[in-house]
Each structure stands twice: as C-alpha cells, then as structure tokens.
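See structure below.
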Amino acid sequence: MAYKALYRTYRPNTFEEVAGQKHIVQTLKNAVEQKKTAHAYLFCGPRGTGKTSIAKIFAKAMNCTGEGTIRPCMKCENCLAITEGTHPDIVEIDAASNNGVEEVRNLIEKVKYAPIKGKYKVYIIDEVHMMSAGAFNALLKTIEEPPEHIIFILATTEPQKVLPTIISRCQRYDFMKVPNVDIIKKCKSGLKKEGIRCEDEVLEMIAQLSDGGMRDAWSILDQCIAYAQNDIQAHHINEIYGLLTIQEKLSLLDMVVHQNAGQCMKMAETFSEKGIDMKRLTMDLIEILKESIIYDYTEDESLLHILSVDDAKQIKKYLSTTQRHFMIDTLMETNEKYKSATDIRSYFEICLLKMMKEPQSSSTQVVRKMVTQPSQEKNVSRETKVEEPFELIEPEMNEESIPVEQDIKQESSITNELHEIKQNETTKSNIIQPLKDDFILQLLAGANKTEKQTDMACFQSIHDYAMDLEWIKEANLLSHGKIFASGKNYTVFTVESQAEANEINEMENKNELSAFTAILFHKRKKIFAITHKESLRITGIFKTKMAEGTLPPPLNFTLSEISDEKPVEPTEEELVMDLFGKENILITED
Ligand SMILES: [Zn+2]
C-alpha cells in the first residue's frame, strides 16, 4: 500500500479531533446546535492551525442529517461525502491560484441555485487575501445579500490585506498557534497507531520546529519517517534539519563561559561545514538560557522542556542570572542583525566572542552594571531633565542604546562617562538618540485616530515601493515598522530595535524621508520612530498624565516643507479621545 502522508491521515474530521482552538470549536458547535449560523465567516491565523479543517468540519456539521445529537455524525451521506471531498454543495476555492474576477463571477453565478444534496451550500475560500480587488468587489455584493442557503467561510493568514468592507460583514475568528502540548499529544497518538517508535525528546523538538502549526508537525514527522523508518531519534531530526543536540549546545555555552575562544571558533567552523542552521542555533541558545532562568526562579521541573534538571542546575552553577540576561540580549541583538547580514557565520562568531567578554574582568563589570541597572540611571536622568525646554532630538541615556559592542572594541573608554561611550557608538551621526518622553507625549497629544486610519490604509502599499529603485531605501526602512500614532502632519512608528528607530529618526532629521512620505501618504509628513517597548511604556505615562491633567500641549509643526498643508487644530479633549478611544478615557472637569 502506498504511504499516505500523516497530515492527510490525521486531518481532523470532527470537532473533537481538532488540536487547540478550543474557544472557536466550542462557539461553532454551539452555533450548529442552536441553529444560529451566520452567512459569512472569516477565519484568520497562522498557517497550519486548522482553518480549512475546521471550515470543513463546520460545513459537515451544518449539513449533517444523522440521527443522533452529535454533529457531524460521520455516518450520514452528507458527512461521508464532505469528508471524501465529493459533496456537490461544498465548494473549496484556493484564492492563491484562482484570484481573478472571472472565477468569482463563475462562483457567484452558481450561488443562486439551491443546494443539491445538503441543506447549505458552503463556499470555503482559502487565502482570500490573494483575490484581486475586482474579485473582492464582486464577492462583496454576494456577501452583502446572500441567499438563505449560502454560507461563506473565508480563510486567511493575512487579515490586514482583506478589505475592511468584507471583514465587517463576516463573523471573525482568530486562530491561535497550537500549543506544544497539544501538538505532542496528537503526534504521539498518531505514531502509536502507525506503530512507529519515537522518543519524547523528539516530539518536543518537533513541536518546537513546527512553531504552532499542526500540519507542519505532521510534515516534519513524515520527513523523519522517510529518513529513519520505524524508530525516530533525536539525531535523525538534527541531521535532517541541521540542528545540534542539546549536549552539543551546552558544550558550546560551556566554552563561551570558559572564554575558550579558539575552541569556539573551531566549533563555529565545524557547524558551518555541517550545514548547521546558525539562526536557529541562536534562537535555541536563547531558549536554553531563558528556560534555565525560569527554573532558577521557580524550581519547577514541569516548566523544563529542553533542559534536564541537572542541566538547569549546572548552568546556574557557572552563570549568574545577570550574565544570562546579558547573553540573551546579545543573542537577540545578533538575531536582529541576521536579517540584513550576508555572512551569518561571522555575526554568529562575533556574538560568541561578545558573550565571552562578559564575565569576571573588572572593566566589563562597568558595562554589566550599565546594562543591567539602566532603570535607576534612566530615572535619575529623566527626573532631572523634566523641566528642561523641549528639544526635538536630544541625547539621552536609555538602556537600549547602551553599546554592548563597545566592550570589545573600546575597552579603554569603558570606564569613561556614559555619554562619551554613546558618542563613540553612533558612527554616522552624533546627535540621533532616542526621542525624549516629553516630545513623544506632545506628539501623542496632537495625534488622532482618523489620521492614523488614513495613514494605515496608505501604509498597506509600502511593499510596492520596496521594489522601486527610487524608494527602495525609504520603503525598506519603514516597512518593518508599525504605525503607532498619527497627527495632521506627522506619523510615529514603532520598530523592534533602537538601532532601527535611530536610523529612521536620522533620515528624518536629514529631510530624506519627506519626498517619500509625500508619495506614500499622499502628503508630506514628518516621521518619528520609537521602539515597541518604549511605546508601551509611554502609553502608560500618557494615560497617567492625562488622568492627572498634566499632559504637555500638542505639538504644532510649522515646518516649511509641510506648510502647504494647513494644520487643523482639534481641541485637546477630542485629540485624546481620538487617540485611545472614548471608552478608555475618563475626562474630569476642572
Ligand atoms: Zn452526518
């Protein structure tokens, strides 16, 4: 008998067989029981999390004519035909390959006919965001006024690309990544039925690799079975996916701790020769350190998935929590840099050396102090600066800008004043630093939701410019950001790292972004960037200050390059409500 892929064999056929998504399954079951189904559903979520599987189960449940109370019964004619994929009333469309107006027109043509066999005609449209604008519009008309017997289930991995007018007519369900425990449970029972041996460690690895996608987990197992036959072991997965065993990773960390640079570099060379995925290794090292820190705090064995208790204790013995935090920061920073790196290996090697530099030596103690106790420093500096007059961009201490690289290259300067190190670090410009709190608060005070929505709609086309030679630099720079707040003539972005934020603020400072914003937003806007982390913190401050009535006044740009736009000034109250929504704001009269 030909081998049937596991993900086909173990595709769920009933609500009970679905991995994860408990809240969605329960809601849909209730809808079927109470006969309260809608005409259009939108299933959003990452790939392989069960969107189309659940859509099919739901279609079955709605058309099931079985005797009992359990829907789908999996016995009646409708259930069987839908499972087989031969039911005439269930139409599955992959919008990725049928994205044209013609296909949708054909579909809509048939919509008016009554179902042949079942109670409802169910159209399952996968990757619906891939449909062309024309096709979307054609579909919209039908979704607006669907015949009684029609149900649309739209599935997408990218809901932000689906027209808001479509979304507003659908009942929306957001699918989550499947938790590792559920993936492991499913895999275990599947393998048992197939009579295949597999160590628990392997299942943990597969769950990690599949990143919340049940379908991916089955595919990985399929590959392992093809390679290892009936007995899958950890080294098989390592060989297939270019991974290291936990012991190999630990011995790499051990070399870092003992500052054995020579051995480390040799190991990196071997990894490279063996085709080890260094990006994944970087993430794995972060996971190991993270897990060991969690164990430090909890001593809870059940929270250990990668490490054994002995491993965790061993790590604690030779690495302080502070050191591990430092190493995690360094690894994460390196991981960020991979995105634009051409030579991953050399970044990885530098990362190992950086982590090595950290312990013991007295000069690095200073750096460590700076890295690990930034909040005190920061608070002091903020408190003393609060009353200073506002400056657009001004150097300020911030933990994210503390230069970790510096400890290698500039050991002599490490004991110098903090800001001196800072200046050494910024190579391109000496003045671009994180924006000041007061300045950001002023930006927020002048922001409003309508402007933000307009900006966000325009921002969807950012990727079109990433291929445009004229705008490639600007588009790439902004494309990793998210719009945080928008004022009449400015937009505040959030980005992952302080380095990215600095780069954007620097370009803005040099007026290199305004021509691009004129095209992207259809009007010239100033662009500011802060990190996601900062945005959360500043939102907290904003809310507090608003409650106290101590918000700074909104910022008024009267800059020549945007003077062709007439700034409209709403009242402060309107601005605040616009920004966070009425429901989140308590206005006190005074
Ligand atoms: Zn049935």
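Counting from 804, one number per residue, gives the positions in the sequence shown under this note's numbering. Think of the CB as a built atom: it goes at the ideal place given N, C-alpha and C, for glycine as much as any other residue.
| Check | Outcome |
| --- | --- |
| Segment contact flag, the stretch 866-877 with the stretch 973-990, C-beta cutoff 8 Å, min 3 pairs | no |
| Distance between E1090 and N1041 (C-alpha atoms, nearest Å) | 17 Å |
| Alpha helix (DSSP H) runs contained entirely in the stretch 1258-1285, provided each spans 4 or more residues | 1265-1268 and 1275-1282 |
| Cβ-Cβ distance between I1097 and L1088 below 8 Å | no |
| beta-carbon N816 near ligand 1 non-hydrogen atom, thresh 7 Å | no |
| For R1000, the residue or residues it bridges with in DSSP | D1034 |
| Euclidean distance between Cα positions of F1151 and L1084 | 9 Å |
| For I893, the three-state DSSP class (helix, strand or coil) | strand |
| Proximity test, M877 beta-carbon vs ligand 1 heavy atom, cut-off 7 Å | yes |
| Rounded C-alpha distance that separates L966 from K1052 | 46 Å |
| The stretch 1327-1346 in contact with the stretch 1290-1307 per 3-pair CB rule at 8 Å | yes |
| Own chain partners of E1220 with C-beta closer than 6 Å, once the 5 adjacent residues on each side are dropped | With a pLDDT of 34 at E1220, under the threshold of 50, the modelled position of this residue cannot be trusted; read the value that follows with caution. Contacts found: none. |
| Check: C1001 C-beta below 7 Å from any heavy atom of ligand 1 | no |
| Enclosing beta strand (DSSP E) for R1083 [first to last residue] | Segment M1081 to T1101 is the alpha helix (DSSP H) holding R1083; no beta strand (DSSP E) there. |
| Buried versus exposed call for A822 [16 or more other C-beta atoms within 10 Å across all chains shown] | buried |
| Where S1075 falls: helix, strand or coil (DSSP) | helix |
| Three-state secondary structure (DSSP) of Y976 | strand |
| Beta-bridge pairing of G1290 - partner residues as DSSP gives them | A1250 and Y1293 |
| Among V1060, L957, V914 and Y916, nearest to S856 - alpha-carbon criterion | L957 |
| First through last residue of the alpha helix (DSSP H) which encompasses K1116 | V1112 to Y1121 |
| Start and end residues, beta strand (DSSP E) containing V925 | K924 to D929 |
| As assigned by DSSP and simplified to three states, the class of Y844 | strand |
| Which of helix, strand or coil DSSP assigns to L1395 | Any question about residue 1395 goes unanswered here, given that the chain covers just 804 to 1393. |
| C-beta contact flag for P949 and A834 at 8 Å | no |
| Distance cut-off 7 Å: T868 Cβ against heavy atoms of ligand 1 | yes |
| Cβ contact (3+ pairs, closer than 8 Å) linking the stretch 935-952 and the stretch 906-916 | yes |
| Identified DSSP bridge partners for F1331 | V1295 |
| The beta strand (DSSP E) enclosing L1046, as first and last residue numbers | L1046 -> no beta strand (DSSP E), and no H or E assigned at all. |
| Burial state of E1223, where buried means 16 or more other Cβ atoms lie within 10 Å | Because the pLDDT at E1223 is just 36, under 50, the model does not fix this residue reliably, and the point stays unresolved. |
| Three-state class that DSSP yields for F955 in the structure shown | strand |
| Residue span of the alpha helix (DSSP H) that contains A947, given as start and end | The displayed chain sequence assigns Glu, not Ala, to residue 947. That run of the alpha helix (DSSP H) goes A936 to E947. |
| Alpha-carbon spacing of T1187 relative to F1242, whole angstroms | Note that T1187 scores a pLDDT of 34, beneath 50, so its modelled location is shaky and nothing firm can be said. |
| Under the three-state DSSP convention, the category N1312 falls into | helix |
| Presumed contact (8 Å Cβ cut-off) between M1158 and M1130, rounded CB distance | 5 Å |
| Beta-carbon proximity of H890 to K854, cut-off 8 Å | no |
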